[in-house]
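Heads up, the sequence shown is in numbering that gives the first Met the number 0, so the first residue is 0 and it goes up one at a time.
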Amino acid sequence: MGMQSPREQRGASSSEHHYMMCVLNNAINILSIVNATIPFFVFLLCNEQFRHMTVMFLKVSIVAHL
């Protein structure tokens, strides 16, 4: 328990805290994207008409970009 130098940062101003907040923020964003797409994929698996419409949409989108 020595004296810490005035330049040593601790707590919320430390670079470790900043790095961990960036990692946490990115993880939350990725999980939010996954969470938002779950209903789409469940419906895609369960509904034949929706699958057909999705395939047609993708075909049109791919042809439009060529």
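We put the CB at the ideal spot given by N, CA and C, even for glycine.
Quantities reported herein were computed from a predicted structural model and do not represent experimental measurements.
Membership of N46 in any alpha helix (DSSP H) is not indicated, and neither H nor E is assigned to it by DSSP. Taking the C-beta atoms as reference points, L43 is found nearer than 8 Å to T53. In this structure, the alpha-carbon of I27 lies about 16 Å from that of H16.
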